[in-house]
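Here my numbering is used: the first residue of the sequence shown is 4, the next is one more, and so on. Ideal Cβ positions, reconstructed from N, Cα and C, are used throughout, including at glycine. Below is one structure, written out as structure tokens; the observations come after it.
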Amino acid sequence: ALTDDIVHGLQGKTSTNTVFDNNRIVATAKHFIGDGGTTNGIDQGNTQVDEETLRDLHAKGFYAALNAGAQTVMASYNSWNGDKLHGNSYLLTDVLRDQIGFDGFVIGDWNGHAQVAGCSNGSCATAINAGVDMIMVPFDWQSFYNNTLAQVQAGTISMARLDEAVTRILRVKFRSGLMSAPRPGLRTHAADNSVLASTEIKAVARQAVRESLVLLKNKSNILPLNPNQTILVAGSAADNIGQQAGGWSITWQGDIENNDDFPEGTSIFSGIQTIVANNGGTATLSPTGSFTGNAPDVAIVVFGETPYSEGAGDLNSLEYQAGSKSDLALLNSFKSQGIPVISIFISGRPLWVNAELNASDAFVAAWLPGSEGGGIAEVLFSDNNGTAVYDFVGKLSYSWPNAANQTPLNSDDASYSPLFALGYGLTYQDTDTLGDDLDEGTGGSGPTVFSVPADLIEAENFSAMSGIQLETTTDTGGGQNIGFVDVGDWLEYEIDVTIAGTYEIQYRLASLPGSGGFRTTINGVVAHTQSVPSTGGWQNWVTETQTVTLSAGRQTLRLDAIGNEWNMNWIRFVQQ
Numbered sequence: 004a005l006t007d008d009i010v011h012g013l014q015g016k017t018s019t020n021t022v023f024d025n026n027r028i029v030a031t032a033k034h035f036i037g038d039g040g041t042t043n044g045i046d047q048g049n050t051q052v053d054e055e056t057l058r059d060l061h062a063k064g065f066y067a068a069l070n071a072g073a074q075t076v077m078a079s080y081n082s083w084n085g086d087k088l089h090g091n092s093y094l095l096t097d098v099l100r101d102q103i104g105f106d107g108f109v110i111g112d113w114n115g116h117a118q119v120a121g122c123s124n125g126s127c128a129t130a131i132n133a134g135v136d137m138i139m140v141p142f143d144w145q146s147f148y149n150n151t152l153a154q155v156q157a158g159t160i161s162m163a164r165l166d167e168a169v170t171r172i173l174r175v176k177f178r179s180g181l182m183s184a185p186r187p188g189l190r191t192h193a194a195d196n197s198v199l200a201s202t203e204i205k206a207v208a209r210q211a212v213r214e215s216l217v218l219l220k221n222k223s224n225i226l227p228l229n230p231n232q233t234i235l236v237a238g239s240a241a242d243n244i245g246q247q248a249g250g251w252s253i254t255w256q257g258d259i260e261n262n263d264d265f266p267e268g269t270s271i272f273s274g275i276q277t278i279v280a281n282n283g284g285t286a287t288l289s290p291t292g293s294f295t296g297n298a299p300d301v302a303i304v305v306f307g308e309t310p311y312s313e314g315a316g317d318l319n320s321l322e323y324q325a326g327s328k329s330d331l332a333l334l335n336s337f338k339s340q341g342i343p344v345i346s347i348f349i350s351g352r353p354l355w356v357n358a359e360l361n362a363s364d365a366f367v368a369a370w371l372p373g374s375e376g377g378g379i380a381e382v383l384f385s386d387n388n389g390t391a392v393y394d395f396v397g398k399l400s401y402s403w404p405n406a407a408n409q410t411p412l413n414s415d416d417a418s419y420s421p422l423f424a425l426g427y428g429l430t431y432q433d434t435d436t437l438g439d440d441l442d443e444g445t446g447g448s449g450p451t452v453f454s455v456p457a458d459l460i461e462a463e464n465f466s467a468m469s470g471i472q473l474e475t476t477t478d479t480g481g482g483q484n485i486g487f488v489d490v491g492d493w494l495e496y497e498i499d500v501t502i503a504g505t506y507e508i509q510y511r512l513a514s515l516p517g518s519g520g521f522r523t524t525i526n527g528v529v530a531h532t533q534s535v536p537s538t539g540g541w542q543n544w545v546t547e548t549q550t551v552t553l554s555a556g557r558q559t560l561r562l563d564a565i566g567n568e569w570n571m572n573w574i575r576f577v578q579q
């Protein structure tokens with residue numbers, strides 16, 4: 004039903020004569036197919052399931068979207084049993100078109116065609132022949148056009164296939180009214196900000212915030228709070244709309260720190276301040292939790308994940324803030340002073356936060372509330388008579404882990420034992436029995452520590468990273484390699500050197516253009532820079548070497564990308 008409603012909201016509905024009227028746009032069902040079921044949940048990874056599972060589990064949303072009339076489908080980055088979807092003619096043509104009957108057009112994802120074997124950003128006959136009608140090629144479009152023209156002339160791409168792709172694209176344009184519509188600047192809502200900024204739209208957004216909040220803990224029914232109090236609002240996310248909004252907000256990774264970049268947006272602190280001030284109380288912002296004079300009556304701490312999108316959000320542990328625990332320290336600082344703590348947790352997923360739960364009197368999973376942070380304050384506070392204005396109605400749509408290594412965690416598993424089950428969520432009428440004694444020692448084994456020189460370091464077993472993506476490798480030994488690297492991406496490995504001395508460090512590398520490279524540091528000290536040569540293909544592997552001197556003991560090995568477009572499968576240390 005939700006999928007139907009989304010498609011009808013975007014494209015309109017036949018029964019109401021709204022299909023592609025001036026208020027509608029073309030809907031895209033994505034990403035086809037299985038990108039939510041990759042091994043270890045890795046972005047752009049490999050979905051290793053049989054066709055029955057793919058059809059009965061991963062395709063369910065697509066059936067509903069296509070039945071509702073979605074006119075375009077976007078191919079996924081992931082592979083199905085080792086074959087990239089952008090090059091999978093069986094799924095894109097035999098299944099999607101011939102079996103399901105989809106007659107709109109298939110669009111590729113951003114340079115997704117380049118991940119198909121034998122393809123590059125500027126050339127991929129395989130994707131077109133597989134059934135991708137419109138290629139999303141952001142930078143190399145001229146090369147792609149010229150190469151496609153040559154491939155048609157050579158018969159690599161048939162005229163029949165080219166005609167089919169053009170027909171499907173034009174069909175959608177005619178159906179949606181684009182062929183008769185005025186140019187974009189003259190259309191109904193051109194340059195009209197009044198709709199998105201309207202009072203009605205903002206009210207709906209605040210309602211969505213209120214109703215999505217999930218109350219996980221409410222010790223001694225501390226919530227709702229009376230607003231006529233002295234309230235300290237702390238935490239890095241308290242006055243940060245960018246952190247509330249998450250990835251793909253203004254920028255790809257959502258790395259926006261200035262609230263002014265969200266016109267008419269409301270931070271969580273701003274919403275709290277308004278309600279408290281209107282009811283005779285005082286709300287003060289202090290991200291670090293410091294204050295002068297008398298202690299506040301209560302502290303509201305807003306913290307959580309910083310924005311990410313796609314592979315930058317991949318994790319090898321569900322533990323929140325593994326290592327630093329700075330937010331836990333902030334919570335404990337209030338607790339040690341006897342100040343009640345209300346935690347507002349910002350995240351795009353459930354994480355292992357047992358210690359943070361123990362340090363909180365109330366704990367709210369706020370997810371990513373977006374630009375209407377005031378919706379949170381509307382639920383947290385009562386009126387001055389102690390009566391709740393809004394209650395919590397949100398329930399977990401995920402199971403909440405009881406350990407950092409508790410993945411996968413599905414409600415139909417025989418050993419299902421979450422901290423909070425699927426569908427959990429307290430209201431103000433419920434009695435919370437969680438307590439403050441959750442096990443804080445079951446956070447999993449932490450990052451893998453590689454023994455040097457004994458262990459081969461598989462590239463995918465990093466302890467931390469930013470921007471790195473994984474794909475299935477055809478190199479000897481199989482597994483996954485890191486790839487699709489851009490300047491500024493980085494990854495770290497934890498190593499334990501058992502014998503101090505001089506080592507040859509071997510990198511297993513591949514690259515088509517040969518323009519890549521990285522800088523290696525060990526415990527923060529630059530060891531060397533390594534260029535990545537052209538190997539003639541993304542899965543044509545060579546071993547490049549450097550020499551390093553290592554002291555004994557545990558150390559952090561870090562690679563920072565200083566060049567684009569290279570793959571790495573493993574690292575090995577060989578004692579000299």
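Close-in-space but distant-in-sequence residues of the same chain around residue i (CB under 7 Å, 5 per side omitted)
i: Thr129; result: Gly90, Val119, Gly121, Cys122
i: Gly1; result: Because the chain in this structure spans residues 4 to 579, residue 1 falls outside the shown range and cannot be described.
i: Ala518; result: With the sequence shown as reference, residue 518 is identified as Ser, and Ala is not the correct amino acid for it. Gly566, Asn567, Glu568.
i: Val344; result: Ala302, Val304, Leu334, Phe337, Lys338, Ala362, Ser363, Asp364
i: Gly426; result: Lys398, Leu399
i: Ser312; result: Gly250, Trp251, Trp255, Gln256, Gly257
i: Ser420; result: Asn405
i: Val29; result: Gln14, Gln74, Thr75, Val175, Ser179
i: Ala67; result: Thr6, Asp7
i: Asn572; result: Ala462, Thr476, Asp478, Asn484, Arg511, Trp544
i: Ser375; result: According to the sequence provided, residue 375 is Glu. The question's Ser does not apply to it. If we look at Glu375 and ignore the five residues flanking it on each side, its Cβ neighbours are Lys205, Ala208, Arg209, Val212, Thr269.
i: Ile253; result: Ile259, Asp264
Alpha carbon of residue i to alpha carbon of residue j, nearest angstrom
i: Gly245; j: Ala406; result: 29 Å
i: Asp143; j: Ala184; result: 29 Å
i: Thr538; j: Ala194; result: 48 Å
i: Gly438; j: Gly428; result: 16 Å
i: Glu443; j: Ala62; result: 38 Å
i: Ser146; j: Asn124; result: 9 Å
i: Ile460; j: Ile574; result: 5 Å
i: Ser350; j: Ser293; result: 24 Å
i: Asn408; j: Gln51; result: 21 Å
Among the options, the one whose alpha carbon lies nearest that of residue i
i: Val545; options: Asp478, Thr501, Glu568; result: Asp478
i: Leu354; options: Gly283, Ser363, Ala368, Ala362; result: Ala368
i: Thr277; options: Thr41, Ile234, Leu459; result: Ile234
i: Val396; options: Leu360, Gly540, Ala555, Glu381; result: Glu381
i: Asn26; options: Val198, Asn150, Thr170; result: Val198
i: Gln47; options: Asp86, Ser18, Asn70, Pro141; result: Asp86
i: Gly486; options: Ile349, Gln472, Trp493, Phe35; result: Gln472
i: Leu494; options: Gly480, Val356, Gly316; result: Gly316
i: Ile525; options: Gly283, Tyr506, Leu5, Asp433; result: Tyr506
i: Val577; options: Ala457, Gly274, Ala200, Asn229; result: Ala457
i: Pro299; options: Ile342, Ser79, Gly307, Pro536; result: Ile342
i: Trp113; options: Leu69, Leu99, Asp97, Val135; result: Val135
Terminal residues of the alpha helix (DSSP H) in which residue i lies
i: Glu359; result: 357-361
i: Val10; result: 5-14
i: Phe384; result: No alpha helix (DSSP H) contains Phe384, which DSSP labels as neither H nor E.
i: Trp144; result: 144-156
i: Asp330; result: 329-339
i: Asp166; result: 162-178
Same chain only: Cβ atoms within 6 Å of residue i, ignoring 5 sequence neighbours per side
i: Thr287; result: Leu235
i: Ile498; result: Phe453, Val455, Gln558, Leu560
i: Ala564; result: Val488, Val490, Asp492, Phe521
i: Thr21; result: Gly15
Start-to-end residues for the beta strand (DSSP E) that takes in residue i
i: Ser454; result: 452-455
i: Arg522; result: 519-525
i: Met77; result: 75-78
i: Ala120; result: Note, Ala120: premise wrong, no beta strand (DSSP E); not H, not E.
i: Ser514; result: 504-514
i: Thr532; result: 528-535
Contacts around residue i, its chain only, beta-carbon distance under 8 Å, and the 5 residues preceding and following it disregarded
i: Ser402; result: Pro353, Leu412, Asn413, Ser414, Tyr419, Pro421, Phe423, Ala424, Leu425
i: Gly556; result: Asp499, Val500
i: Leu189; result: none
Are the region 526-535 and the region 549-561 touching by the rule of at least three beta carbon pairs closer than 8 Å? yes
Below 8 Å, can you find three or more Cβ-Cβ pairs linking the region 461-470 to the region 310-321? yes
Quick one: any contact between the region 212-226 and the region 252-271, if contact means 3 or more CB pairs under 8 Å? no
Is the region 323-333 touching the region 48-66 in the sense that three or more CB pairs, one from each, lie closer than 8 Å? no
Would you check if there are 3 or more beta carbon pairs closer than 8 Å linking the region 161-176 to the region 93-111? yes
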